[in-house]
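In the working numbering, the protein residues as written are 16 to 161.
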């Protein structure tokens, strides 16, 4: 794995984590949305990642253990809706209240969203640090010849 491969791998992580932060921010923004175009309350969304496959041709060696290969990065497979039930809150005067006075609210938990935002931010920062380190190593390698 070369230095450019490290930058490519980390840049895929940056892109994926940025999308994850955007989805989390959307969940937080819709924490009280009781009406959607589809009907019913907003449903929490989650980003699904999977490892990226190697775009390069690899020679199949007999007995070669693929577990020893370095990672190739990550890609977003889907943005899925959380299927957990909506929260019910007693608000008899709300326009979306049912006959018993309960309003169906989004299945968004602020504590979960903030925890997810912290982990996404830390993963983003770690990928930035990898790119910075790879760039520093390349600059030092260029100075060796002088």
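Glycine included, each C-beta is placed from N, C-alpha and C at the ideal position. Just so we're clear, the structure is a prediction, and the values are computed from it rather than from any experiment.
Same chain only: Cβ atoms within 8 Å of residue i, ignoring 5 sequence neighbours per side
i	result
residue 104	117, 118, 120
residue 47	120, 121
residue 112	106, 118
Residue closest to residue i, alpha-carbon to alpha-carbon, out of the options
i	options	result
residue 37	132, 140, 149	132
residue 87	60, 22, 99	22
residue 33	97, 111, 142, 51	142
residue 63	39, 50, 57, 52	39
residue 53	110, 134, 96	96
residue 60	108, 25, 124	124
residue 66	157, 25, 127	25
Burial state of residue i, where buried means 16 or more other Cβ atoms lie within 10 Å
i	result
residue 77	Only weak support exists for where residue 77 lies, its pLDDT of 46 falling under 50; the coordinates are left without a value.
Cβ neighbours of residue i in the same chain (closer than 6 Å, five flanking residues each side left out)
i	result
residue 11	Because the chain here runs from 16 to 161, residue 11 falls outside it and cannot be looked at.
Residues near residue i in its chain [Cβ-Cβ closer than 7 Å; skip 5 each side]
i	result
residue 181	Residue coverage of the chain in this structure runs from 16 to 161, which leaves residue 181 outside it and unanswerable.
Distance cut-off 8 Å: residue i Cβ against heavy atoms of the ligand ZN
i	result
residue 54	Absence of the ligand ZN is noted for the structure shown, with no ligands found whatsoever.
Could you name each continuous beta strand (DSSP E) segment of 3 residues or more that falls completely within the segment 94-123, going from the start of the chain to the end? For the segment 94-123, the full-length beta strand (DSSP E) segments reaching 3 residues or more read 102-105, 117-120 along the chain.
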